[in-house]
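Residue numbers (our numbering): 45 to 129.
Here a beta-carbon is modelled for each residue, glycine too, at the ideal position from N, C-alpha and C.
From a predicted model like this one, the values you see are computed outputs, not experimental measurements.
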């Protein structure tokens, strides 16, 4: 799917899902790109839960090459991006 400023895509695995918003167009370098991740995790009581993160990429060319990871029970943004609260 596309808008005038972003191209959108989704990727899923059995325990996670990723959503991308990559800048396009002549002024793409002036806008950030984004990738979000949702992971199946566990609460401290051992119950299933979902954990999410939103990352802002440093440059549109890096966005599709990156995806958040699930490390030590928490989602983290990859190198080349920062977490958005």
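Item, Value
"C-alpha distance - residue 125 paired with residue 74, whole-angstrom precision", "15 Å"
"Cα-Cα separation, residue 47 to residue 117", "35 Å"
"Span separating the alpha-carbon of residue 86 from that of residue 113", "15 Å"
"Residues of its chain near residue 53, where Cβ-Cβ distance is below 7 Å and the 5 sequence neighbours each way are ignored", "64"
"Length of the line joining the Cα atoms of residue 58 and residue 82", "11 Å"
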